[in-house]
Amino acid sequence: MTAHRIDLGERVRVEVYGVRHHGPGSARAVRRALAEFGPDAVLIEGPPEADPLVELAADPGMEPPVALLAYAPGVTPGAEGAGGRRAAFWPFAEFSPEWQAVRYALGAGAAVRFCDLPAANQLVPASGEEEPTAEEPSTEKPSAEKPSAEELSAEEAPPEEGVRLDPLAWLARTAGYDDAERWWDDVVEHRDDAVSPFPAIAEAMAELRAQIEELPPSGLPPGYLRREEQREAHMRRALRRAVKEGHERIAVVCGAWHVPALLARVPASRDDQTLRNLPRAKVAMTWVPWTHGRLAHWSGYGAGVRSPGWYHHLFTAPDRPVERWLTDAARLLRAEDLHVSSAHVIEAVRLAGALAALRGRPLAGLDEVTEATRAVLCEGADLPLELIHRRMVVGERLGAVPDSTPMVPLQRDLAAEQRRLRLKPSALDQEQDLDLRRPLDLDRSRLLHRLRLLNVDWGVPREEGRSKGTFRESWTLMWRPEFDVELIEASAWGTTVLGAATTHAGNLAADAETLADLTSLAERCLLADLGDALPTVMRALSDRAAVDTDVAHLMAALPALVRALRYGDVRGTPTGPLRTVVDTVAVRICVGLPPAAAHLDDDAARVLLQQVDAVDSALSLLSDADHLARWRRTLAALIDHPHLHGLLEGRLTRLLLDSGDLPGVADRMARAVSVGAGPDRAAAWVEGFLSGGALVLVHDEELLRLLDGWIATLPGDSFTDVLPLLRRTFGAYAQAERRTIGERVRRLDAAPAARHAEADAFDPERAAPAAATALRILGWKAPS
Amino acid sequence: MTTDAVLRPHAEQLYADELARLAEHDDRPRPPGWRLSPWAVTTYLMGGELPDGTAVSPKYIGPRRLMEVAVATLATDRALLLLGVPGTAKTWVSEHLAAAVSGDSTLLVQGTAGTSEESVRYGWNYARLLAEGPSEAALVESPLMRAMRRGSVARVEELTRMPSDVQDTLITILSEKTLPVPELNSEVQARKGFTVIATANDRDRGVNELSSALRRRFNTVVLPLPETVEAEVDIVARRVSQIGSALELPETPAGLEEIRRVVTVFRELRSGMSADGRTKLKSPSGTLSTAEAISVVTSGLALAAHFGDGVLRAGDVAGGIVGAVVQDPVSDRVVWQEYLETVVRERPEWRDFYRACREVS
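Which chain is which? The protein sequence lines are S and F, in order.
Take the working numbering: the last position of the first sequence gets the number 784, and nothing is skipped along the way.
Take the working numbering: the last position of the second sequence gets the number 1145, and nothing is skipped along the way.
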């Protein structure tokens, strides 16, 4: 029973507790063992830089889940993109053994030391030579190494690494359990003798390590083993230091894998050798609030916890965990107005028990409880089960840190950006005009747009700014204190403004409800220059566009997309993915339009008319020959559809006439306005045909003649029917256009053709200065 | 009549041998009234190998946990409701469960719009009733009543097709486990082992929703569509060969490639996403169940055998696929056209299929 204990000399006794990170069973066992052992110093696996911060854990304002955050202060966004993540988190939940050890030690007045390799050594940038302290021989340069190998979660790590990260889970899996906590429960917790499990764990780990070391090292990322060796060397060194400080009863809480290494007697000189000249990075540490949700999908200890809420329940529930859990689930469902009775809970408990028996397990675990919840409480429905998963299995618990905690990196990053861009926060509102052709202003604009994506509305664009052109932006800047809160919340998404905005844009894309939300998000991403987020947004956009059955939505989305595409060009943002989306949306519109255009009433036809116009102008703006050709083909096929509304038919005729794709327009018009067609249909046709611009009538004399002829030959009572419709069409024209048309009509009979062939010729030389000025006004040439 | 001449033998006849072997090797405790222990029932459904080397064929291809929940439900004498879209093997599972638990899958009430209360509770032999007055002898038992007397599993198919008032007669049976016969001033008390497996589908139109009172008395297991292409191809290939031999179709090599293609088309349209996960698609109004895939392939086989060159080709299945996909002539046609143009056309190895589909649509 002493495999986890060593005695150094007469007085000093060391106990090493190998735990599962975030394992409630381990947490309880650690708590029990510590109370029994009564150490005067507790060493915990974690970054030693956090030693000065550890007192905060006893602060009443500190509520787990919280995390120790180590980050490199003042690293530019560019370096983050190149070298991977420049921050590491060590999260602690209520049920983490480490947290329980910290709390116990602070309560009992024992010293607390973190004994892992310093974060300064773990956060070394990928290219070691940038560091001033990187003096080690070149063979040991950690070139391909990840900043912290533990950032890999146990699931995605290769098998051997998985064993090293969470050896207890591996033992559990070998024993046929998919949930290590249940294995722990079955093997450790449900034994009545309450014997400390740590000696057995130490023995098992020694055995496991001996076997693994015999295998050829395969599947591990390069540098992993060396990093591991360094970490264990540092743990031993911390242990020696604690002994030297005069502590006599020392407890060590670390990942189970490391237990044999800590117990091994290694000469101090060898560890010093291992730890000599490690590259260091500048690192700052702080506590940040954490959430169970973050604990679930990413964790600094690598051992990702898929069901933190369940673990929390296991740790806090005094007895009958299954019954309590199912009762809680029932209460949750009731709060959502789903009818769940106590009888349901009884049956669910019975089913969970029967399932556990069928699977040969002593007590129902999360799997059985979930199955029972689905089959009985949720009556087979997945939606309420998802609710339970979100609220209970993962849990929506958000931690809190006391006020005295140092700042989060996102705030520091913002401060650095503000200095760089010479934008000072001020509580008064300021106007700021940005000329996007200047790099400084462009960066300012991007920063403000990124902050807006993070709900930090420091700058608000002024409405009138939009109309001045694509290279000018006007902002109103005003700093409010609550932005700090927003920044701390946003720090969960990243440590820099760029990184956080990118992550958040991805989240927004995943949660977006409508196509319009996504198009606007895409536009915002372009404005904020979030090149990394754009593919995600574009994917979501193309997915949404694909399932949207309403071609009207697609048509409404296209103009904004094309605008974004053009706008991106102006700002120099890469728009490749956006282009793909535009392409598919355009194709889908062409496929979907014909069925959508049939059998419309007047109002619907009017709506569609506007959309057809918008799509047509958007596609013209895009000036892609393929798309235009396809679009025109679609329209040409549609135009002869028997059930097409007159308004649309007229409009399509006009569009195709403008593009020159339709022969015999005059015949068509004659046909449309001939006696065979009802007057209201003919008038609708004319309205559609003439809507939006009078110029065709001013310039195309033949058409004007045709129209004139039709009106002149209308029977008296039909004319009164048609008159309001015609008035509506012509009323939309400008006064000058109406007058010109009127004059044209008067001179119709005497109009001479080919009048201005001569006036069309121009002298390029004389026009050159004017053209240059125009280009400069448009901003296509920067002022010199 | 021997089993060979029967068009469709019952599960307990077809797999009598497996059941006997399972019972032989089953040393675990059996709940009262059960022929096999819950563990053996699970093995019977999911397949496995017995100590003597007998291979038990898998009856249900899908998540094991679902079958475990189903068996555990029956073992806690709760009623089991199998829910799912058409073609997810609900009836199949209920038949095999009944066969394994009670050795009898024939105590069956088929739910239709015309199912009457008599067929759920009991009816009368009217000649006898008039001649002798109400008596045990004049009583005509329903399958449910017989199951209660015997202590075995009763099956109710298509529960949601029954009128609501008939559904609700089940409430007393499920909660009190008795069936009162007021005419005789007596009752039938269910023996241990009695329980009910009901199936219902939640997708079809024209169903009568279960009352919540009845719903509460069931544990619900939702049978999903097959999870992976491989699983579904496996199911389709198995069933097609079984059906093909039962119908004594001329021997045709059921091209696994063609089956895979049919399954892929069905899965892509059903899930609204192309197999490589890169293109999202609209889903048609039909269910496109595995069962429909099976019938498309079977009829394709018949076409190939009788009218084609004896090999299952794209042209043989194209018609069936279009028929299965395009149920609503307007909206589904758009879906199908879009799918054809954006997905099928892009796959060079599917060119023959594309051409065949263009021909029939």
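Virtual Cβ for every residue (Gly too), placed ideally from N, Cα, C.
The alpha helix (DSSP H) runs lying completely inside the segment 812-850 of chain F and spanning 4 residues or more are 822-830, given in chain order. Within chain F, the residues E852 have their CB atoms less than 7 Å from the CB of R359/S, given in chain order. According to the DSSP assignment, F471/S belongs to no beta strand (DSSP E), since it is labelled neither H nor E. Taken in chain order, the whole alpha helix (DSSP H) runs of length 4 or more contained in the segment 372-417 of chain S are 382-388. Along the segment 1044-1060 of chain F, the positions whose C-beta sits under 9 Å from a C-beta of chain S are G1056 and M1057, read in chain order.
Between A873/F and Y828/F the beta-carbon gap is near 15 Å, outside 8 Å, which marks them as no contact. Shown here for L1007/F: same chain residues with a beta carbon closer than 8 Å to its own, the five before and five after excluded, namely G846, L850, L866, L867, G868, T872, A873, K874 and V877 in chain order.
With a 10 Å radius around the Cβ and a threshold of 16 neighbouring Cβ atoms, N969/F comes out exposed. Between P964/F and chain S, the shortest Cβ-Cβ separation is not below 9 Å. Against chain S, the CB of P822/F has a partner CB under 9 Å away; the residue lies at that interface. Sequence-ordered contacts of the segment 978-998 of chain F with chain S read S996 [C-beta pairs closer than 8 Å]. Look at M555/S here: in three-state DSSP terms it is helix. Listed in chain order, the non-local C-beta contacts of E1122/F below 8 Å within the same chain comprise L1065 and K1066, local neighbours out to five positions each way being set aside.
Against chain S, the beta carbon of T857/F has neighbours under 8 Å at L351, A354 and A375, listed in chain order. By the Cβ criterion, the segment 357-369 of chain S is not in contact with the segment 30-37 of chain S, since fewer than three pairs of Cβ atoms, one from each stretch, lie closer than 8 Å. Residue-level contact by beta carbon holds for H344/S and chain F, with a gap shorter than 9 Å. The closest CA to that of T1012/F, considering only A982/F, R1051/F and E993/F, is found on R1051/F. Scanning chain F for C-beta atoms nearer than 9 Å to the C-beta of G592/S yields V1118 and E1122, reported in chain order. In this structure, V401/S sits away from G109/S, with a CB-CB distance that is not shorter than 9 Å.
Per DSSP, reduced to three states, the secondary structure at L68/S is strand.
If you look at Q1111/F, you'll find it isn't in any beta strand (DSSP E); DSSP assigns it neither H nor E. N992/F sits in coil when the DSSP states are folded into three classes, being neither helix nor strand. Per the Cβ contact rule, the segment 306-319 of chain S is in contact with the segment 22-31 of chain S (3 or more Cβ pairs under 8 Å). Excluding five sequence positions before and after V1101/F, the CB atoms of its chain that fall closer than 7 Å to its own CB belong to E1042, V1046, V1080, V1081 and G1084, given in chain order.
About 6 Å separates the CB atoms of R930/F and L891/F; that is less than 8 Å, so the two are in contact. Here R668/S is near T653/S, since their CB atoms are less than 9 Å apart. If you draw a straight line from the Cα of P595/S to the Cα of A863/F, it comes to about 48 Å. Against chain F, the beta carbon of G176/S has no neighbour under 8 Å; the closest one sits roughly 13 Å away.
Interface flag for S307/S against chain F is unset, since no Cβ pair is found closer than 9 Å.
Straight through space, the alpha carbons of A415/S and W475/S are spaced by roughly 19 Å. Around the C-beta of H809/F, fewer than 16 other C-beta atoms lie within 10 Å, and the residue is accordingly described as exposed. For the 9 Å CB-CB criterion, D435/S and R420/S do not form a contact.
Shortest Cα-Cα distance from V252/S to any of E245/S, R11/S, L239/S and A264/S involves L239/S. For A768/S, the enclosing alpha helix (DSSP H) starts and ends at P764 to L778. Secondary structure remark: continuous alpha helix (DSSP H) runs of at least 4 residues inside the segment 679-741 of chain S, in chain order: 679-690, 695-699, 701-713 and 716-731. Between the beta-carbon of R905/F and that of T953/F there is about 6 Å, and that keeps the pair under the 8 Å contact cut.
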